[in-house]
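Visitor: Mind looking over this structure? Questions follow.
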Amino acid sequence: MSVVTMKKLTLVAHTKDKRKILKALTGLGTAEICTASSYDNTEKREDSDLRSEIERKLARLTFAFAFLKDTYNVMQKAAKHEEKADDIKELKLNLKRENKLIEYDDMVSEIAENEYDLFETVSLLEDFNSRLTDIKTETARLNNLYDQITDYLSFDIKFSDIKDTQRIAMFLGLIPEGKAQTLQEVLPPSAVFVHHVADKNEAVFIAVNKEDKEETSKLLAAADFARCPFTFESTAQEIADSTQSRVSELVAMREEIYKQAAENFRYDSALKNLYDYYYLELAKQDAIEKTAGTRKAFVLEAWVIANAAQITASKIKEASPTAEVLLTDPVEGEIVPSYVRNNKIVNPFGHNITAMFGAPKYGGLDPNPFVAFFYFLFFGFMLSDAGYGIILAVGCFAYLFIKKPVKNSGSFIKMLGLCGISTVLWGIIFGGWFSIESQYLQANAAGRFLLSLRLIDPLSGSQALIMFGLALGLGVIQLATGFFLSGYSKLKTKPLDGIFNDFSWVVIFIGLGVYLLSMVGLDGAALPGLILLLAGVAMLLLGGAVGKKNPLKMVGGALKNVYGTIGVFSDVLSYARLFGLGLTTGVIGMVINKIGILLIDMIPYAGYLAAILVFVVGHTFNLFINTLGVYVHNSRLQYVEFFGKFYNGEGHAFTPLGAKTKYVYLTDRLETKSNPTK
Amino acid sequence: MTIGTFLAILGAALAVGFAGVGSVIGVGKAGQAASGVISEDPDKFIKCLILELLPGTQGLYGFIIGFLVMLKINVFGDIAQLSLAAGAGMLAACLPMAISGYISGIHQGKVAASGIALVAKKPEESTKAIVLAVMVETYALLGLIISFLAVFIPDYAAMV
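Going down the list, the protein sequences come from chains A and B.
At position 493 of the first sequence the residue is numbered 493 (the working numbering), and the sequence of numbers has no breaks.
At position 81 of the second sequence the residue is numbered 81 (the working numbering), and the sequence of numbers has no breaks.
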C-alpha cells in the first residue's frame, strides 16, 4: 500500500536490435522510457519521415472510422424509414473500446498478416467517400438547375428556338411578381406578351417588331427583367424530367455505395487493432527519440518498477543477447515517476479520485487508503437511502460480474458499487428506505424492524441537528487526519514545523472532542478536554514562531496562525454539505412518494398504474441526480479540504510504454509476482 | 387563511421561484454551450450533460425548502393558521435559499459553460471542470442548510 520503489534501467545495445527491444518493452508494459543522458559522441535523432508516415496511417484509419460511422447512421436511418427491423439488426458496427485483453505479440503477428488487406479496405472506403462527394456535388448542381428551370415549365417551347428572327425580336425571362400588368400597358402596340406566374417571379415572353427592340429592352430593364440564361435544345419540361431522373439515379447510386461500404463493418475490430498497433508505433517512435545513439549502438534509459525489473531485464536479453543492461537505484534530483499499488478495495478510489487530482510524488506519502476510507464514509452519508444503496451496489456488482471489465476499465463502477454498500449502512442509520415515511413503515412488521434499526431521524426537529453535528464531526475527523498526515510527512525534514503547526490541530480537535464528551454525560471529560484544547492552541501559537529569529516576526507568525484558524473553521463548515445533500435525497424522494399516493387517492384503479410510473421514473431521477451530486461534492471535499492540508499531487504518474491504447487493452507484467533471479 | 400563513406560502414561493430561475438561467447558459460542442462531436454528450446539470441543483434545493414550508404548515391537510410574526419568520427563513439559489445558479451556469468549452478541447479533464463548477454550488448549499434549519426547527404554529 504505497508508492512503489523504482529502478532505473540503462541499456546499451546494437542499433539493429533497437526495434526488437522496443517491441519486447511494449509487450511487457513495465518500463517508462525517459530521455537518455548525453554521452560523448552520441546524439538524439528524430526520424520525421517515419513519424509522419505513422501519423498519416493513423489519420487514414480515423477517417475510416468516421466514414463507417456515417455509413452506419445512413443505413440505420434508411432501414428505420422502410421499417425493416431485420435490416437494423443485421447492421453491426462497434467502434467503442473493446473489453478484451490481448498480448502485444499476438497483435503484432495479426497485423503482419492482414495489414495489407486492411489498408486496401481503407482505400476502398476512401474511394467510396470521394464518389459520394462527386454525387453530392452533382446532385446539388442538378437540384439548382431544376429549381431555375421550373420557372419556365409553362412555356412549351425549346429554349434554343427563342432567338431573334429577321423581323421579330424575342425576349424570355423573369420579372418580379406584380410588375407584369404595368409592363404590358407600356409595351409598344406590336408586342406579343405572354406571362405566367412562377415561383416568386413571373415568367414573361415578349415578341416585338425589330424596330421596337431597343425601346422594349429599356422598358424591360426598368421592370427588373432578368433574361433567361438557358439555350438548351429542349423544352423546360424535358430538362426538368431528365434532371429528376438523373437525381433519382444518383440517389440510387448513393444508396448502393453505402450498401457496399456497410459490408466493411465486419472489419471493425481488425481496424481498431490496426489503429492501436500504429498508436503504439507512435509511442515507440517517441521512445526512440529519447534514446541517444552512435551509428552502431544506442543507449536507452527507462524507469521500471522494482519487482518487474528483473523480468524486464531478462526479456531484453532475450530480444538482444548482446545488450548490456544495468539496474540502478534512483539518484537524488532525478524526477522519478510514481506508481501506486494498493489492495482491491482501495484501488478503485485511487484510480478515480486521487489520480484525477494528481499522482503522489515518488517516495512521498500515498493518500489513497485515506481517500478510500473517507470517500466511502461520506458517500453513504450524502446519499443516505438504503434502498438506493441496494440498487447501486447490486447494479454495479452485477455489471462487473456479467461484463467482467478487463484491466482497470471497471474501476469506476466498482467504486460506485462499494459506495452503494456505504449508502446501505448510512441508509439504515437514517431510516431511509426509498424515502418512505415512517407512518407507512410502521404499518407492517418488516417496516417496524427497519425503523427499529434507525438511529437518527433527519426529519424530526432536534435529530436533524444531531445529523448536522455528525456531519461536522466527520469533517473534523478528516481534517485531523489531514493535519496528522501533513505533520507526519514533515517529521523527517522539518519536525518542529510539523509538530507545532500540524499536530497542534490534531491536539485541538481531540481536545474539542473530549470536551464535548462532557456535554453528553461524561462529566470527568471536561477538564482534560479543556487542557488538551488549550495545549493545542499554545502549540499553534508557538508554531507561528518556529524557524524565525526576529522576535517581531515570531509574533507575526503566531498572529498568522491565529488568523489561519478562520480557514480551518470554514473548512469544518464546508462539511455541512454532507448534511445538506443527505436531506436532499430524502426530501425529493418524499415528494415523489406523496405525488404517487395522491394519484392513487385521486384516480381509482388507474391511479395505481400512474403511481407506479411516478415511483419508478421519480426515484430513478432522484437516484441519478443525487449520485451525481454526491460524487462531485465528495470529490470536492477530498480535493479541497483534505488534500489541501497535506497533498499536492505534484508527482509524475508512471506511464509505461504500451500502456496507452485506444481500442483494446494490452496485457502487462506490472503485477508479476515471480522474480526469477531473486 | 391568516396573513401569517400567506407570508409563509409567499416564502415557499420565493424559494422555489428564485432558486428555480437561477437554475433556469444557469442550465440554459450551459445548455447553449453544450449544443455547440455536441454539434462538433456528439460523443461528448454525456460529459456535457453532466456539466449542464450542475447548475440545476439550485432549483431542487429551492424546491426542497418550498416543500418543507408546505409540510410544516400542513398545506396537504388542515392548514395551520400562523400568526403574523410566525409567517414573517417563515418568509425570512426562506430568503437565504431564494437569494443564494438565484445568484449562484446564474454564476454556476457560467462556470459550467466554460467547463464545457474545456471538455471540447480536453475531454479527459472533464472532472476538473466539474470540480470548478461545484465550488460555486457550495454557497447554494449553505443557503439550503440555513433555510432548512430555520424552517424546520422552530415551532411556528405555536408562535403568537
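Where a beta carbon is used, it is the ideal one built from N, C-alpha and C, also for glycine.
(1) Let's see if you can read the secondary structure: which residues bound the alpha helix (DSSP H) around A/C34?
(2) How would you label A/D657, buried or exposed, when you count the other beta carbons within 10 angstroms and need 16 or more for buried?
(3) Could you spell out where the alpha helix (DSSP H) holding B/V27 opens and where it closes?
(4) Apart from the five residues just before and just after A/K548, which ones in its own chain have a Cβ nearer than 7 Å to its Cβ?
(5) Skipping 5 residues on each side, what residues in its chain have a beta carbon closer than 7 Å to that of B/L10?
(6) Distance check for A/V247 and A/S67, CA to CA, integer angstroms please.
(7) Below 6 Å CB to CB, which residues in the same chain sit around A/F374 once its five sequence neighbours on both sides are set aside?
(8) Given a threshold of 16 other Cβ atoms within 10 Å of its Cβ, counted over all protein chains shown, does A/P367 qualify as buried or as exposed?
(9) Using C-beta distances below 7 Å, list every residue in its chain close to A/A297, excluding the 5 sequence neighbours before and after it, in chain order.
(10) According to DSSP, is A/A112 helix, strand or coil?
(11) In chain order, what residues of the same chain lie with their CB nearer than 7 Å to the CB of A/V664, ignoring the 5 residues before and after it?
(12) Is A/L93 closer than 9 Å to A/D268 when the C-beta atoms are compared?
(13) Cβ of A/H195 less than 9 Å from any chain B Cβ?
(14) So which residues on chain B does A/Y375 lean against when the C-beta distance must stay under 9 Å?
(15) Let me know if A/F643 comes out buried or exposed under the rule of 16 or more other beta-carbons within 10 Å of its beta-carbon.
(16) Sorted by chain position, which residues of the same chain lie with C-beta nearer than 6 Å to A/C419's C-beta, five sequence neighbours on each side aside?
(17) Using three-state DSSP, classify A/Y665 as helix, strand or coil.
(18) Please confirm whether A/M356 has its beta-carbon closer than 9 Å to some beta-carbon of chain B.
(19) Which of the three DSSP states is assigned to A/L280 in this structure?
(20) Excluding the 5 residues flanking A/L22 on each side, which residues of the same chain have their C-beta closer than 8 Å to its C-beta?
(21) Are the CB atoms of A/G473 and A/W426 nearer to each other than 9 Å?
(22) Determine the chain A residues that contact B/Y61 at a beta-carbon separation under 9 Å, and present them in chain order.
(23) Find out if the Cβ-Cβ distance for the pair A/I162, A/V204 is shorter than 9 Å.
(24) Identify the residues that DSSP records as bridge partners of A/S2: which are they?
(25) If you reduce the DSSP assignment to three classes, tell me which class A/L11 lands in.
(26) Is A/G293 helix, strand or coil by DSSP?
(27) Using a Cβ-Cβ cut-off of 8 Å (strictly less than) and excluding sequence neighbours within five positions of A/K678, which residues of its own chain qualify?
(28) Taking the straight line between their C-alpha atoms, what separation do you get for A/L485 and A/A355?
(29) Thinking C-beta only, is B/G22 closer than 9 Å to B/I103?
(30) Residues of the stretch 638-652 of chain A in Cβ contact with chain B at a cutoff of 9 Å, in chain order, please.
(31) Do A/M382 and A/L581 have their beta-carbon atoms positioned less than 9 Å apart in this structure?
(32) Can you check whether the C-beta of B/F76 is within less than 9 Å of a C-beta belonging to chain A?
(33) Work out the CA separation of A/G607 and B/V80 for me, nearest whole Å.
(34) What residues match up with A/H688 in a beta bridge as DSSP calls it?
(35) Less than 8 Å between C-beta atoms, sequence neighbours within five positions excluded: which residues of the same chain meet that for B/V119?
(36) Where does A/S674 fall in DSSP's three states?
Guide: Result, derived from the coordinates:
(1) Note, A/C34: premise wrong, no alpha helix (DSSP H); beta strand (DSSP E) at 31-34.
(2) With the sequence shown as reference, residue 657 of chain A is identified as Leu, and Asp is not the correct amino acid for it. Buried, since its Cβ has 16 or more Cβ neighbours within 10 Å.
(3) Counting along the chain, the unbroken alpha helix (DSSP H) around B/V27 starts and ends at 3-40.
(4) These residues qualify, in order along the chain: M554, G557.
(5) Closer than 7 Å at Cβ, skipping near neighbours: L91.
(6) In the sequence under discussion, the amino acid at residue 67 of chain A is Phe, which differs from the Ser named in the question. Using only the alpha carbons, I get a separation of about 23 Å.
(7) The residues are Q478.
(8) Label assigned to A/P367: buried.
(9) Only residues of its own chain outside the window of five on either side were considered, and among them V12, A13, H14, T15 have a CB closer than 7 Å to the CB of A/A297, listed in chain order.
(10) A/A112 falls in the helix class under three-state DSSP.
(11) Within the same chain, A/V664 has close Cβ partners E98, K100, I102, K272, N273, D276.
(12) A contact, by the Cβ cut-off of 9 Å.
(13) For A/H195, not one C-beta of chain B is nearer than 9 Å to its own C-beta.
(14) Per Cβ cutoff of 9 Å: no residues; A/Y375 is ~14 Å from chain B at best.
(15) With 16 or more other Cβ atoms within 10 Å, it is buried.
(16) Around A/C419: F379.
(17) Here A/Y665 sits in strand by DSSP.
(18) At least one C-beta of chain B is nearer than 9 Å to the C-beta of A/M356.
(19) A/L280: helix per DSSP, three-state reduction.
(20) Only K284, A287, I288, L657 meet the Cβ criterion.
(21) No.
(22) Here the neighbours are G580, T584.
(23) Between A/I162 and A/V204, the C-beta spacing is not below 9 Å.
(24) DSSP lists A/R341 as partners of A/S2.
(25) In the three-state scheme derived from DSSP, where H, G and I count as helix and E and B as strand, A/L11 is classed as strand.
(26) Assignment of A/G293 by DSSP, reduced to helix, strand and coil, places it in the strand class.
(27) With a pLDDT of 34 at A/K678, under the threshold of 50, the predicted position of this residue should be treated as unreliable, though the coordinate-derived value follows. Excluding residues within five positions, the ones whose Cβ falls inside 8 Å are Q310.
(28) CA-to-CA, the gap between A/L485 and A/A355 works out to about 19 Å.
(29) Result yes, Cβ atoms of B/I103 and B/G22 sit closer than 9 Å.
(30) Residues passing the 9 Å Cβ filter: Y639, V640.
(31) With a cutoff of 9 Å on beta-carbon distance, A/L581 and A/M382 are scored as near each other.
(32) Flagged as an interface residue toward chain A: B/F76, by a C-beta distance shorter than 9 Å.
(33) Reading off the sequence, residue 80 of chain B comes out as Ala, not Val. So the two alpha carbons sit approximately 29 Å from each other.
(34) Within the shown structure, residues of chain A are numbered from 1 to 678, placing residue 688 of chain A beyond reach of any answer.
(35) Here the set comprises V37, K44, K47, C48, L51, E125, S126, A129.
(36) Legend: pLDDT at A/S674 = 46, less than 50; position of this residue unreliable, no value from coordinates given.
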